[in-house]
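*Asks:*
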Amino acid sequence: MASAARESAQAHVERVMETGRRRNPHAPEFHQAVKEVLESLVPVLERHPEFIEVGILERIVEPERQIIFRVPWVDDRGVVQVNRGFRVQFNSAIGPYKGGLRFHPSVYLGIIKFLGFEQIFKNSLTGLPIGGAKGGSDFDPKGKSDGEVMRFCQSFMTELYRHIGADIDVPAGDIGVGAREIGFLYGQYKRITGLYTGVLTGKGLSYGGSLVRTEATGYGLVYFMEEMLREAGQSIAGKTVIVSGSGNVAIYATEKIHELGGKVVAMSDSNGYVYEPDGIKLATVKQIKEVERKRIKEYVNHHPTAKYSESCRGIWGIKCDIALPCATQNEIDEEAARLLVKNGCFAVGEGANMPSTPEAIKVFQEHGILFGPAKAANAGGVATSALEMTQNSMRYSWTFEEVDAKLKQIMVNIYRNVSKTAKEYGMPGNTVAGANIAGFLKVANAMMAQGIV
Ligand code: NDP
Ligand code: 2IT
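Positions 2 to 454 (the working numbering) are the ones given, in order, by the sequence shown.
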């Protein structure tokens, strides 16, 4: 009986994935994200055949709405440029759509869908009432003037505004979208609609932003890691850490690691990495990246003891105790994972979305590496976005200490929920399954209650 149920749950998952592949050609990242989640859900479907009966999986892999639009703008030379804009409103079972906007030349529908799909489960894990969405554009902010970025953002919002709202869909930042872009987007939304509402998060502190949102993803990642290490009788103090990327998530993960007595010895960007055995001087990275918007290789001009190497992949060859991939999807492949393990790395926390390939995750699992999967470990950013929405609704602001304490508690709760769920389903230590199952259950129960919609 049990094995018949297993077969049918397995067959159901295979069928949904097959339909997904047929319906979404040329979207490998989306298929990768769906496969990882759905394969974890087989034991859930065995316990809850009612989820199969009402087509929860068929519905959860199909976005509620996908918007693709033209974004025309004029560059500083007076030349007309055209980019493509996206917003995928994936699932609103547990709250208004919520998720970031990514501006990067690699953006296409498949990337936005993988991110939007992940966001459903991540947002559920925060315990806060937010649905899943993602958006963005193939616009490349690198090398653009502030004026160009502003005109692009205004054009982007001139189309997007009709699809979003404080109780409908609340975008935020992601790669290439930080405080500057959110400011321009917010200004244009307000100008068009006349509404002063919490329609975006990651806003500046002077116009409705929340303290700690800037730091939240990186800090949250380290709070998650700290709790995972604590359960294993370890701590961050005294550990050597490598952090890939040098953007928002990487910078504030590094800041918190240093605060807790760890030492980050390497950071990167898409061109290369810097290695500083005495510990990265974060003030220099902030100056180069946040103020000057330059490349990480500039770091060695300030600190001649550091070494710069071309090729961002080389960072995984550096000896460390803990690795925090905080740049982009699939940045750790099987070879990089094996190198990390060989060099003694015992814990990996995913700050970026889907930074480890399935083969890399397998290597980590086979070697008993403590692993914080993205949708759990990097949920601190969107959780603090939800706290920003709460403050906007209350027309009130909490102090830094208040928001930080809530963020920390949320990350500890996420780790405990993930760990407990993995145990409940007979897979102790399997944080990937724990995160996927725990995130799924809340959404699936809400979808059950709301009928076939
Ligand atoms: P930023 O734009 O601030 O920084 C991105 C960093 O990653 C840069 O150092 C960038 O280098 C590097 N990077 C981007 N694309 C690539 C690539 N294709 N190959 C190599 N390096 C790359 O973005 P964030 O720090 O906000 O985002 C980093 C990751 O964290 C993303 O995966 C994002 O989805 C995820 N995330 C972000 C959250 C947030 O609140 N911001 C929340 C949860 C997850 P370069 O300058 O050379 O492009
Ligand atoms: O991937 C993510 O969770 C984010 N980019 C943050 C989304 C948000 O709405 O704060």
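Ideal Cβ placement from N, Cα and C applies to all residues, glycine included.
Under three-state DSSP, which class holds glutamate 293?
*Replies:* Here glutamate 293 sits in coil by DSSP.
*Asks:* Closest to valine 72 by C-alpha separation, out of Arg85, Leu388 and Glu260, would be which residue?
*Replies:* Arg85
*Asks:* Would you list the one or two residues that DSSP bridges to tyrosine 397?
*Replies:* Answer by DSSP bridge pairing: none, since tyrosine 397 is not bridged.
*Asks:* Please report the distance separating the alpha-carbon of histidine 32 from that of arginine 24.
*Replies:* 11 Å
*Asks:* Count Cβ pairs between the stretch 358-378 and the stretch 326-345 that sit closer than 8 Å; are there 3 or more?
*Replies:* yes
*Asks:* List in chain order: all unbroken beta strand (DSSP E) runs of 3+ residues lying wholly within the stretch 157-237.
*Replies:* 170-173
*Asks:* Can you tell which of Ser245, Pro374 and Ser386 has the C-alpha that lies nearest to the C-alpha of isoleucine 281?
*Replies:* Nearest C-alpha to isoleucine 281: Ser245.
*Asks:* Kindly indicate which three-state DSSP category valine 454 falls into: helix, strand or coil?
*Replies:* coil
*Asks:* For serine 107, which residues in the same chain have their Cβ closer than 8 Å to its Cβ, ignoring the five residues on either side in sequence?
*Replies:* Asp139
*Asks:* Please return the same chain residues whose Cβ sits closer than 7 Å to the Cβ of threonine 385, not counting the five positions on each side in sequence.
*Replies:* Ser211, Val213, Arg214, Ala217, Val404 and Leu408
*Asks:* Flag this pair as touching only if the stretch 152-167 and the stretch 191-211 have three or more C-beta atom pairs under 8 Å; answer yes or no.
*Replies:* yes
*Asks:* Indicate the three-state DSSP secondary structure (helix, strand or coil) for phenylalanine 140 in the structure shown.
*Replies:* coil
*Asks:* Measure the alpha-carbon distance for aspartate 279 versus tyrosine 300 and round it to whole angstroms.
*Replies:* In this structure, the alpha-carbon of aspartate 279 lies about 14 Å from that of tyrosine 300.
*Asks:* Looking at isoleucine 243: is its Cβ nearer than 7 Å to the Cβ of alanine 267?
*Replies:* Contact flag set, yes.
*Asks:* I'd like the list of long-range same chain contacts for histidine 105, defined as Cβ closer than 6 Å, with 5 residues on each side in sequence excluded.
*Replies:* A distance below 6 Å between beta-carbons, with the five flanking residues on each side excluded, links histidine 105 to the following residues of its chain, in chain order: Ile176 and Gly177.
*Asks:* Is threonine 255 buried or exposed, if buried means 16 or more other CB atoms sit within 10 Å of its CB?
*Replies:* buried
*Asks:* Rounded to a whole number of angstroms, what is the C-alpha to C-alpha distance between aspartate 270 and tryptophan 399?
*Replies:* 34 Å
*Asks:* Give me the Cβ distance between leucine 201 and isoleucine 183, rounded to the nearest whole Å; I'm assuming they're in contact under 8 Å.
*Replies:* 6 Å
*Asks:* Which residue comes first and which comes last in the alpha helix (DSSP H) that contains serine 310?
*Replies:* Here serine 310 belongs to no alpha helix (DSSP H); instead the beta strand (DSSP E) covers 308-311.
*Asks:* Between the alpha carbons of tyrosine 309 and proline 326, how many angstroms are there, rounded?
*Replies:* Between tyrosine 309 and proline 326, the alpha-carbon positions lie close to 18 Å from each other.
*Asks:* Taking the straight line between their C-alpha atoms, what separation do you get for tryptophan 317 and glutamate 277?
*Replies:* 14 Å
*Asks:* To the nearest angstrom, report how far apart threonine 329 and valine 454 are at their CA atoms.
*Replies:* Taking the straight line from one Cα to the other gives about 33 Å.
*Asks:* Do the stretch 41-56 and the stretch 85-97 meet, that is, are 3 or more Cβ pairs less than 8 Å apart?
*Replies:* no
*Asks:* Strictly under 7 Å for the Cβ-Cβ distance: is methionine 151 near chain B by that measure?
*Replies:* You won't find chain B in this structure, because it holds only one protein chain.
*Asks:* Answer with buried or exposed for serine 420, where buried requires no fewer than 16 other C-beta atoms within 10 angstroms of its C-beta.
*Replies:* Serine 420 comes out buried.
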